[in-house]
Amino acid sequence: MKKKKPEPGVTRRGFIRGVGLGSGVAGAGILETEAAAAPAVQVVGPGPAQVTLKVNGKQHTLNLEPRVTLLDALRDHLNYTGAKKVCDRASCGACTVIVGGKAVYACNMLAIEAQGQDIQTVESLSSGNKYHPLITAFVENDAQQCGFCTPGFVMAAKAFLEQNPNPTYEEVKAGLGGNLCRCGTYIGLRNAVLQAAKQMKGAANG
Amino acid sequence: MAETLDYSWPAKEKRRVIGKPLPRIDGYAKSSGRAKYAYDVHRPGMLYGALLTCPHAHARITSIDTSAAEKSPGVMAVDLMARPGEEIQYAGYEIASVAATTLEQARDAVRKIKVAYEVLPHLVDERDLAKAGSRAKASGEQVSGDPDQAFKEADVVSEGFYGIPVLTHCCMEAHGQVIEWKPDRFDYWPSTQNVSGVGGDLAKVLEIPATNVHTHMEAMGGGFGSKFSHDRIGETCARLSRKAGGRPVKLFLDRSTELEIAGNRPSFFARIKLAAKKDGMVTAWESESWATGGPGGANLPAGSLPYVFRGVPNKRMTHTSVSINAAPQRAWRAPNNPQLSYLTCAAMEDLAAKLNMDPVEFFHKNLEYAGAPGPDVFRAQLQKAAELAEWKKLWRPRGQSGPGPVKRGLGIGFNMWYGLGHASRALTRIHPDGSVEVEIGSQDLGTGTRTVIAMVAAETLGLPVSAIKVKIGENAYPPSGASGGSTTVGGVSASTRKSSMNALVKLFEVVSDALGAPPGELEAVGGKIQVKGNPSKSITWQAACKKLGTKTIQEMGENAQRGPGGLINGGAGGVQIADVSVDTETGLVKMNRMVAVQDCGLIINPKTAESQVYGAVMLSIAGALFEERIMDQITGRMLNPGFEFYKLPGIGDVGEIIVHLNVEPEHDKRGVIGLGEPPVVGGIAAIANAVANAIGVRVPVVPLTPDKVLKALEGRA
Amino acid sequence: MQAFEYARPSTVQEAVSLLGNSWEDANLLAGGTDLLSLMKDYIHTPKRLVSLKGIKELEGIRKSAGGLRIGALVTLEELLRNPDVRKEYPSLAAAARGVASPQMRNMGTVGGDLCQRPRCWYFRLGFGLLAKGPNGESLVPSGDNRYHAIFNNRGPAYFVSASSFGPPLVALGATVNLVSPSGTRELPVEKFFVAPATENARENVLAPNEILTEILVPPAAGVRNATYEVRQKMALDYPLATASVALRMRGNTVASARIVLGHVAPVPWRAQAAEKALTGKTLNAAAIEEAAKAAVQGATPLSMNGYKVQLASVAVKRALEEAAQART
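See below:
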């Protein structure tokens, strides 16, 4: 039974030494034994703890259990629903966001692990009627049908072009292997990424 | 006056919008992540649902105890979806659901539900018919002509075995919904192919007035035939909301359950024997087939074999339906057609190889037997496809593709489909400020329906596409059919054409005096209303609408179910040619190219039409080379309910795709014909035939994975 | 996922002190690509996760006279982009490239790759590492074993090691450092992987309170190395069979050879007959052919995976062909 419920947002400091294990009581430090002269390591959870996420430049402070994934935090707690939940097992790419400059599967990253890093979602690529060249290229090349995988592809493509500003057709085919589409938009996708690369380069040169 | 209107499409050379390759109008919303799917709906106070499903393929529930789940933190409602004593026919069947404050809490609670089962014997694998026992039900023989005599008189007889396994729909957006069930109002955000109908269907089950149900769907993440019903998950979601005092509940299948239960396409296996004369003309067909689509088995629709080549004079067919303990089939993009096309085209191409005939010549000859759209259309398409695939340059007789471990091959597959348009009503409004909206209770599955509606209205009213506001996805709008059978484009283009023309005539009546001509002498062109052919006698659209004062024009248009008429049609066909390379050391098949030649009548938007063909081709590549539902006979479970082993091709795995849409006058004049289904049909046959051509031996059962390709090569050696 | 405590230590010592004596106590979290999936499916239900991401000493690739030191937290993408790896260890670069998803390469770590759990579908469905059926016998021999082992598969383990780097690291003679409360042990990667004999055992020697901290790869000077993977898809897809080779050359002659197969056995599988067949031979087509045949001698395929014998042999052939063309 529960001894004590941690208050939301309150984090404890567990002084931990050795590996003596309690009975797995939720809420109390599971591995906590006598405090000793060991360095303090913060242990949070299993109840909600304060998690601060910097999404598209804006800080958000949430109370989340450590088990909440970045994807669920974005979608269910912050209403950034551009990243989609499809496989929820790091195998389809629909949840792709950019964390610390790198494309990742938000479904298999804990929100608490994404703290202190810049999190970029597809929502950052448009504002009012202004759209990132990638989005325009996706529209013009019809790189979407049902559109459910599309934001994930947009973000994967953005990270890809940041690493490969002048990709060849073959590099595009190899560089977006972490995303799946069921409607079959791959031909439009390849052309969209190539077109965006050209336009982004033009913009950079101009 | 309306009944005398001529709704027919403008002559091809006069069209200003229809026929232009325009980007889809909801493209920015989708690519920017702003489009809201049911899965994205977030309501104040919303609860999250989770499901408990049965782990056994066949079992009887002996007890269910939800007491611990009910007391679990955050739980607001628990709903039983099965009862003790109930016999469960497949793993993944929903037993109970929970709604809680967070998704994690809902899942925690589900794990606390205790269900005891009496496990019963199961059958989940139909591939070996001999093991199906009493689960196999043979239907009677279908015979026409005199097959025995034809086989006796044949110059060549070819026999083979062919198989195509069960596939799942694999919609990217899982099946599910958000429901908010208040006493007098039921708000429903499903992911559905049936916006107008699904809410009423659910209301019936829940015994509430259909008038209370408000269905909303802005975008949906794929259906492919699996999302016509509210499903059991819709019913339980509603009950959870009611039990939780009307709080909104979001409940979606997780991926593994989605692949297990949310739709699959029946398998088809057959031993086929063909007879032919020396000149290549097929004289007889004999097939023994079997298939499963779950507990209900799967039948062979009468007269459906041989596919396309229906006129083969002498036929004998038997079919056995196998009932298995796996989730029931649902319509899958062109139900049964890909399977029947594969069985037919593979058996025929094997016969061509035995005859030492070039398959193009062989099929050309036998297209004499083709049903709609008829031998001439198919033959022209075959010729075009062969040209685009560089058949003359690249094709070699079977097994003679040269030295080296990598062999190249070409193969042919055929498709046909029915089309026509579903029942659809549209409402066009022209407002005094000049703005225009079209309302239809339809849905855009990603096919481009929204864009088609806008283009038809724009064409009709002489306005740019951007001037049309398309409103779909609400059951409050005029009812329109479910999106199935490639009937949507026919339905909505006809209803929109009519409603927009009916509205335009009302506007003509208002400006008739000012222009000094009767309404029948007016036309809407380039943002103006003018006397036909006389731009000097015109009034701008804005000025015309201003004359409405405070009165909005509001007119309906209707397409009757499968309605005839000059606007739409049915009966399309197509030919696909696959070009593959097979590494005979590893058995890996690589797509080089697929050529798809397709007839689809009058094309409203070539860009989205082309996308439909690209997508359909890619689905057939997936089916030919990668995907299959793998059931484990020992545990009764699906072994690959995730994308790691339920393999779908990625962006680099599909080769190049060349789409050729028939736009010649004889096709255009037929009117609009739906395109979703037909191009998904022939690809598997084409790819399998290309592989046989490359390696010199038939790999009988798709998908053509290395294990099967190497086994076939071993058999040859 | 079952709820858990989360800690993010900044030193290895702290991390070790946060672990428990059983796998149910605490698990280590690095890239999370495998662990979180296992937890979502309740295959792993640890009470605590100890994140390694705050530990600087686990990062970085360093080349020295003693070889290459790869921190356990180095991501697959970092490894792939490292110039020393690309130049001298093409077998490692190929293994990294074989994980064909940039997202996976950005998240996944080399340590995590070595520690990832088998992909056996019975294991992933909850039938346990040894895939026990209702009567206690393994489901694999009579079930669907198309992706299972063709070597070292007489039970009780039938799964294949899923590690991408296991085979090339074994071929290169690499070692790993493991740190626990009782100190540090260094052992060859080859000894790190084991075929479990009981349901509670694991597919490697790591103890629940132990951390794989770094990988040490001997210098590659004069060692031609290559990895060839047979994968069905160009997109993210586990291989069907792989081969990694490391050849120490004396002129055109193979002075010594290490040939290791992947995805064919519960551990990265040394093809010793092939190594023997190649040693002392001139590296030409005939020798390669002979080694490729020898590599699959003694294979014991199950009912549905005979094709993997051929794939493994071809992988060896093609890896050797690549190595033969490599310049050192």
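Chains as they are written, first to last, in our numbering: chain B, 1 to 206; chain D, 1001 to 1717; chain V, 2001 to 2328. Where is the CB? At the ideal position from N, CA and C, for every residue including glycine.
Going by DSSP in three states, D/L1240 sits in which element: helix, strand or coil? In this structure, D/L1240 counts as helix in the three-state DSSP scheme.
Tell me whether B/L53 sits in a helix, a strand or coil according to DSSP, three-state version. B/L53 falls in the strand class under three-state DSSP.
Need the endpoints of the alpha helix (DSSP H) that D/L1619 sits in, please. First-last of the alpha helix (DSSP H) with D/L1619: P1606 to I1621.
V/T2279 by DSSP, collapsed to three states: which one? If DSSP states are grouped into helix, strand and coil, V/T2279 belongs with coil.
Check whether the Cβ atoms of D/I1412 and D/E1126 sit closer than 8 Å, and answer yes or no. In this structure, D/I1412 lies away from D/E1126, with their beta-carbon atoms at least 8 Å apart.
Who are the neighbours of D/D1632 on chain V, taking C-beta pairs under 9 Å? Here the neighbours are W2121, Y2122, L2125, L2139, G2143 and D2144.
Just by C-beta distance, which residues in the stretch 2051 to 2072 of chain V are closer than 7 Å to chain B? Contact annotation: in the stretch 2051 to 2072 of chain V, residues whose CB is within less than 7 Å of a CB in chain B are S2051 and K2053.
Residue range of the beta strand (DSSP E) that includes D/F1414: First-last of the beta strand (DSSP E) with D/F1414: V1406 to G1419.
I'd like the span of the beta strand (DSSP E) that includes D/S1486, first residue to last. Careful: D/S1486 lies outside any beta strand (DSSP E) and carries neither H nor E.
Test item: CB-CB of D/A997 and D/H1660 under 8 Å: For chain D, the structure presents residues 1001 to 1717; residue 997 of chain D sits outside this window and is missing.
May I ask you to report which of helix, strand or coil DSSP gives D/W1009? The answer is coil: DSSP assigns D/W1009 none of H, G, I, E or B.
In its own chain, which residues sit with a C-beta less than 6 Å from the C-beta of D/R1060, not counting the 5 before and 5 after it? Contacts found: E1087 and E1118.
So, are the CB atoms of D/G1441 and D/S1480 less than 8 Å apart? Contact: yes.
Rounded C-beta distance between V/T2227 and V/A2319? I'm assuming under 8 Å. Between V/T2227 and V/A2319 a beta carbon distance of about 6 Å is seen, short of the 8 Å cut, so the two are scored as contacting.
Going by C-alpha to C-alpha distance, which of V/E2057, V/T2033 and V/K2040 sits closest to V/T2011? Looking at the Cα atoms, V/E2057 is the closest of the given residues.
Please name the residue in B/L125, B/E123 and B/V97 whose C-alpha comes closest to that of B/A114. For the residues B/L125, B/E123 and B/V97, the minimum Cα distance to B/A114 belongs to B/V97.
How many angstroms separate the CA atom of V/R2202 from the CA atom of V/P2196? Those two C-alpha atoms are separated by around 5 Å.
Looking at the C-beta of V/T2033, does it have a partner C-beta in chain B at a distance below 8 Å? Cβ-Cβ to chain B under 8 Å: yes for V/T2033.
Alpha-carbon to alpha-carbon, V/L2302 and D/I1233: When only Cα atoms are considered, D/I1233 and V/L2302 end up about 40 Å apart.
Pull out every residue of the stretch 2004 to 2027 of chain V whose Cβ sits closer than 9 Å to any Cβ of chain B, in chain order. Residues passing the 9 Å Cβ filter: F2004, E2005, Y2006, A2007, R2008, P2009, S2010, T2011, Q2013, E2014, A2015, V2016, S2017, L2018, L2019, G2020, N2021, S2022, E2024, D2025 and A2026.
So the candidates are D/N1415, D/L1394, D/N1569 and D/M1594; which of them puts its Cα closest to the Cα of D/A1578? Closest by alpha carbon: D/M1594.
Near-chain B residues of the stretch 2275 to 2295 of chain V - C-beta to any C-beta below 7 Å: For the stretch 2275 to 2295 of chain V, the set of positions with a beta-carbon nearer than 7 Å to some beta-carbon of chain B is empty.
Hey, quick one: how far does the alpha helix (DSSP H) through D/T1449 stretch, first residue to last? Note, D/T1449: alpha helix (DSSP H), T1449 to L1461.
Sub-8 Å separation of D/E1260 and D/A1454 beta-carbons: In terms of Cβ geometry, D/E1260 and D/A1454 do not form a close pair [threshold 8 Å].
In terms of residues, what are the limits of the alpha helix (DSSP H) holding V/Y2147? In the DSSP assignment, V/Y2147 falls outside any alpha helix (DSSP H), carrying neither H nor E.
Could you check what DSSP says for D/Y1646 in three-state terms: helix, strand or coil? In this structure, DSSP gives D/Y1646 a state outside helix and strand, which the three-state scheme calls coil.
Is the CB-CB distance between D/K1273 and D/V1377 below 8 Å? Cβ distance not < 8 Å, so D/K1273 and D/V1377 don't count as in contact.
In chain D, which residues lie with their C-beta within 7 Å of the C-beta of B/D72? Scanning chain D for C-beta atoms nearer than 7 Å to the C-beta of B/D72 yields L1103, reported in chain order.
For B/I187, name the three-state secondary structure that DSSP assigns. B/I187 falls in the helix class under three-state DSSP.
What three-state label does DSSP hand D/V999 in the structure shown? Residue 999 of chain D lies beyond the stretch modelled for chain D, which goes from 1001 to 1717, so this question has no answer here.
Between the stretch 94 to 112 of chain B and chain D, which residues of the former have CB atoms less than 7 Å from a CB of the latter, in chain order? Answer in chain order: A94.
Quick check: the stretch 2134 to 2145 of chain V against the stretch 1627 to 1634 of chain D, are there 3 or more CB pairs under 8 Å? Enough Cβ pairs lie closer than 8 Å, so yes.
Is the CB-CB distance between D/N1559 and D/G1491 below 8 Å? The answer is yes: Cβ separation under 8 Å.
Below 8 Å on the Cβ atoms is my guess for B/A196 versus B/A156; work out the distance and round it to an integer in Å. Contact flag wrong, Cβ pair sits at about 12 Å.
Relative to the C-alpha of D/S984, which candidate in D/P1328, D/V1078, D/G1374 and D/L1052 has its C-alpha closest? Summary: the structure shown does not reach residue 984 of chain D, with chain D confined to residues 1001 through 1717, and so no result is reported for it.
Name, please, each residue of chain D whose Cβ falls closer than 8 Å to the Cβ of V/A2235. Neighbours of V/A2235 in chain D, taken as residues whose beta carbon is under 8 Å from its own, are P1649, G1650, I1651, G1652 and D1653 in chain order.
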